[in-house]
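S.K.: In this note's numbering, the protein residues as written are 9 to 395.
Don't be surprised by glycine CBs; every beta carbon is placed ideally from N, CA and C.
I'd like to ask you about the structure that follows.
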Amino acid sequence: MEPLYGPIRDYAWGSRSAIALLQGRSVPSASPEAELWLGAHPGAPASVDRSGLRVSLCDLVRDEPGQWLGERVSERFGGRLPFLLKVLAADAPLSLQAHPDAEQARAGYAAEAGLPEQQRNYSDPHHKPELLVALTPFEALCGFRDPAESAEALAAFGVPELTPVVTALRSGPAGLPTAVRTLLGWPVARRHELLSSVVAASADGPDAELARRLAKTYPGDPGVLVALLLHHVRLVPGEAIWMPAGNLHAYLSGCGVEVMAASDNVLRGGLTPKRVDVDELLRVLRFEVLDDPVRAAQPVGPGVDWWPVPVDDFALHRVRVDAEVSSVTLPLPGPRVVLCAGGSITVDDGAGALTLVSGEAAIGTAAGEPLRLGGAGVAYVATSGLR
């Protein structure tokens, strides 16, 4: 194993404390720190040390795919690291968004070839499923809830302009496309007026409070009302949410470990100043009611648990070692990225042992032996999902 150095993305919605505290730095940070990226994504690749110089993991994987990825991963994913591990820290709501499935991504990317970047929805031909595990209390919107609940929430505002949306929702899941299109298609000139009426009419209750909160951050944005069609999720540390293709979601606040397929394909649905392509969003969305978006960790063995997902781009395990479980061996195939999320962890893949403290990361090639972890702390281990 060798140290992996990840860049921090300074998006405006980021926290000035969460990542800094994880890494043992002083707070507040000089600028927002939204995401720590630990992978070979070309937008912000992590790096390793070579003779005192930092070398991009993208370059190493490109030049030596057999060593870093192994034959199976390299062949399956076209010579690229298929996953990106992140620490995500939100102090303000992110955009409502959904991601295409693999077939939609390939077709969309090909169809947009030659268009200016600002007119494109697809930046690559890959899907982008995501799993987020809370490190702190974490708040999110994830997946459509029962449309009857959403209908009552919108009806309670007493705003006549919402009547067509309420009617559509009362018809059940079949009315979700009409509801979303109607809300996102509201004339731009009238959006501030509509949202002002909603906020002014808001009674007490979780839905009204959420609407007021989102409208304060995104005045005049119809995504404020689309948000009320979704589950409002509050995770405790260790709980996760799974976002497959077509799942409409948004992160609101908190810090978590996120692992995702390495793609940039995002279809936005509001809570953003960026372009919203309503037609393409509706084509990608899966208008299915999600019973419960929260996933609990499943034990694998002493000190080890995981959150299984139905894709082979990635898998995420959590290892906790302490006086009771002093060491753990994980027979997971490489490549493997390890993030220490607390305490001190020693990780060894046979090529060399490395001690990590909170906020530090390491990577091991596909040629490594089963991982051996010891010390006293918590680590997250990201691998491909191939077994």
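CB Val297 to CB Phe152, shorter than 7 Å?
M.R.: Reading the sequence shown from its first residue, position 289 is the one you call residue 297. Reading the sequence shown from its first residue, position 144 is the one you call residue 152. Result yes, Cβ atoms of Val297 and Phe152 sit closer than 7 Å.
S.K.: Does DSSP put Thr354 in a helix, in a strand, or in coil?
M.R.: Numbered from 1 along the sequence shown, position 346 holds the residue referred to as residue 354. Here Thr354 sits in strand by DSSP.
S.K.: Report the residue from Asn273, Ile249 and Leu289 whose alpha carbon sits nearest the alpha carbon of Asp437.
M.R.: Because the chain here runs from 9 to 395, residue 437 falls outside it and cannot be looked at.
S.K.: Quick one: residues in its chain with C-beta nearer than 6 Å to the C-beta of Glu368, no 5 flanking neighbours on either side, listed in chain order?
M.R.: Counting from one through the sequence shown, the residue named residue 368 turns up at place 360. Cβ neighbours of Glu368 beyond the five flanking positions: Cys348.
S.K.: Of all the options Val141, Pro145 and Ala118, which has the alpha carbon lying nearest to the alpha carbon of Asp132?
M.R.: On the sequence shown, residue 132 is found 124 positions in, with the first residue counted as 1. When only C-alpha atoms are compared, the closest one is Ala118.
S.K.: Between the alpha carbons of Gly47 and Gly78, how many angstroms are there, rounded?
M.R.: For this step, residue 47 is matched to residue 39 along the sequence shown. For this step, residue 78 is matched to residue 70 along the sequence shown. Whole-angstrom Cα-Cα distance: 16 Å.
S.K.: How close, in whole Å, do the beta carbons of Leu381 and Val329 come, if the pair is a contact with beta carbons under 8 Å?
M.R.: Reading the sequence shown from its first residue, position 373 is the one you call residue 381. Reading the sequence shown from its first residue, position 321 is the one you call residue 329. The Cβ separation is near 6 Å, so the contact holds.
S.K.: So which of Pro214, Pro181 and Pro195 has the shortest CA-CA distance to Leu149?
M.R.: Translated into the one-based positions of the sequence shown, residue 149 becomes position 141. Closest option to Leu149, Cα to Cα, is Pro214.
S.K.: Tell me Ala384's beta-bridge partners as DSSP assigns them.
M.R.: For this step, residue 384 is matched to residue 376 along the sequence shown. Ser352.
S.K.: Cutting at 8 Å between CB atoms, please list the residues of its own chain near Ser261, excluding the five before and the five after it.
M.R.: Position 253 of the sequence shown holds residue 261. So the list reads Ala98, Asp99, Ala100, Pro101, Phe146 and Glu147, once near-sequence residues are dropped.
S.K.: According to DSSP, is Tyr226 part of a helix, a strand, or is it coil?
M.R.: Against the sequence shown, residue 226 aligns to sequence position 218. Three-state DSSP puts Tyr226 in coil, outside helix and strand.
S.K.: Does the count of Cβ pairs from the segment 75-90 and the segment 301-314 closer than 8 Å reach three?
M.R.: No, the segment 75-90 is not in contact with the segment 301-314.
S.K.: Buried or exposed for Asp321, please, with buried defined as at least 16 other CB atoms from any protein chain shown within 10 angstroms of its CB.
M.R.: Within the sequence shown, residue 321 is the residue found at index 313, counting from 1. Flag for Asp321 reads buried.
S.K.: Contact between the segment 278-285 and the segment 226-240 is defined here as three or more beta-carbon pairs at a separation below 8 Å; is this criterion met?
M.R.: With the cut-off at 8 Å, the segment 278-285 and the segment 226-240 touch.
S.K.: Can you name the residues that DSSP bridges to Pro11?
M.R.: Locating residue 11 in the sequence shown gives position 3, counting from the first residue. Per DSSP, Ala370.
S.K.: Of the residues Leu139, Glu41 and Arg199, which one's Cα is nearest the Cα of Trp17?
M.R.: Taking the first residue of the sequence shown as position 1, residue 17 is located at position 9. With the sequence shown as reference, residue 17 is identified as Arg, and Trp is not the correct amino acid for it. Answer by Cα proximity: Glu41.
S.K.: Using the C-alpha atoms, what's the distance from Asn273 back to Gly116?
M.R.: By 1-based counting over the sequence shown, the position of residue 116 is 108. By 1-based counting over the sequence shown, the position of residue 273 is 265. Gly116 and Asn273: Cα-Cα distance of roughly 10 Å.
S.K.: Verify whether the separation of the beta carbon atoms of Gly264 and Leu12 is less than 7 Å.
M.R.: As a position in the sequence shown, residue 264 is number 256, starting the count at 1. As a position in the sequence shown, residue 12 is number 4, starting the count at 1. No, these two residues do not count as a Cβ contact at 7 Å.
S.K.: Since Thr373 and Pro343 should fall inside the 8 Å C-beta cutoff, what is the C-beta to C-beta distance between them, to a whole number of angstroms?
M.R.: As a working mapping, residue 373 is identified with position 365 in the sequence shown. As a working mapping, residue 343 is identified with position 335 in the sequence shown. Right, their Cβ atoms sit about 6 Å apart.
S.K.: Can you check the segment 275-350 for any alpha helix (DSSP H) of at least 4 residues that lies completely inside it and give the ranges in chain order?
M.R.: Listed in chain order, the complete alpha helix (DSSP H) runs (minimum 4 residues) inside the segment 275-350 are 286-292.
S.K.: From what residue to what residue does the alpha helix (DSSP H) around Leu243 run?
M.R.: Counting from one through the sequence shown, the residue named residue 243 turns up at place 235. No alpha helix (DSSP H) holds Leu243; the beta strand (DSSP E) holding it covers Leu238 to Leu243.
S.K.: In the DSSP assignment, find the unbroken alpha helix (DSSP H) run with Ser82 in it and report its ends.
M.R.: Position 74 of the sequence shown, counting from 1, holds the residue named residue 82. Segment Pro73 to Arg84, the alpha helix (DSSP H) holding Ser82.
S.K.: DSSP three-state call for Ala54: helix, strand or coil?
M.R.: Translated into the one-based positions of the sequence shown, residue 54 becomes position 46. Three-state DSSP puts Ala54 in coil, outside helix and strand.
S.K.: DSSP three-state call for Val267: helix, strand or coil?
M.R.: For the purposes of this step, residue 267 is identified with residue 259 of the sequence shown, where counting begins at 1. Val267: strand per DSSP, three-state reduction.
S.K.: DSSP state of Ser39, grouped into three classes?
M.R.: Counting from one through the sequence shown, the residue named residue 39 turns up at place 31. Looking at Ser39 - three-state DSSP - the assignment turns out to be coil, as it is neither helix nor strand.
S.K.: Just curious, the beta strand (DSSP E) that Glu138 is in, first and last residue?
M.R.: Taking the first residue of the sequence shown as 1, we reach residue 138 at position 130. Glu138 -> beta strand (DSSP E) spans Glu138 to Ala142.
S.K.: With respect to the beta strand (DSSP E) encompassing Leu362, which residues constitute its N-terminal and C-terminal limits?
M.R.: If you number the sequence shown from 1, residue 362 lands on position 354. Run containing Leu362: Ala361 to Val365, per the beta strand (DSSP E) assignment.
S.K.: From Ala161 to Ala20, what does the alpha carbon distance come to, in whole angstroms?
M.R.: If you number the sequence shown from 1, residue 161 lands on position 153. If you number the sequence shown from 1, residue 20 lands on position 12. One C-alpha to the other measures close to 30 Å.
S.K.: Any beta-carbon of chain C closer than 7 Å to the one on Leu30?
M.R.: The question asks about chain C, but that chain is absent: this structure has only one protein chain.
S.K.: Determine which residues share a DSSP beta bridge with Gly47 and list them.
M.R.: For the purposes of this step, residue 47 is taken as the residue at position 39 of the sequence shown. Answer is Leu92, bridged to Gly47.
S.K.: For Val402, which residues from the same chain have a beta carbon less than 6 Å from its beta carbon, with the 5 sequence-adjacent residues on both sides left out?
M.R.: The question about residue 402 has no answer here: the residues shown for the chain are numbered 9 through 395.
S.K.: Taking the alpha carbon of Gly193 as the point to measure from, which residue in Glu169, Ala216 and Asp57 has its own alpha carbon closest?
M.R.: Looking up residue 193 in the sequence shown gives position 185. The shortest Cα separation from Gly193 among Glu169, Ala216 and Asp57 belongs to Glu169.
S.K.: Could you compute how far the alpha carbon of Leu143 sits from the alpha carbon of Gly360?
M.R.: Along the sequence shown, one-based indexing puts residue 143 at 135. Along the sequence shown, one-based indexing puts residue 360 at 352. Between Leu143 and Gly360, the C-alpha separation is close to 28 Å.
S.K.: Roughly how many angstroms separate the alpha carbons of Pro155 and Thr171, rounded to a whole number?
M.R.: To locate residue 155, count along the sequence shown from 1; it is residue 147. To locate residue 171, count along the sequence shown from 1; it is residue 163. Spanning the two alpha carbons is a distance of roughly 14 Å.
S.K.: Round the Cβ separation of Leu324 and Asp357 to the nearest angstrom and send it over; I've been treating them as touching at under 8 Å.
M.R.: To locate residue 324, count along the sequence shown from 1; it is residue 316. To locate residue 357, count along the sequence shown from 1; it is residue 349. That belief does not hold up - the Cβ atoms of Leu324 and Asp357 are roughly 18 Å apart, past 8 Å.
S.K.: Tell me whether the beta-carbon of His135 lies closer than 7 Å to the beta-carbon of Ala269.
M.R.: Taking the sequence shown and counting its residues from 1, the one referred to as residue 135 is at position 127. Taking the sequence shown and counting its residues from 1, the one referred to as residue 269 is at position 261. In contact: His135 and Ala269 (Cβ atoms closer than 7 Å).
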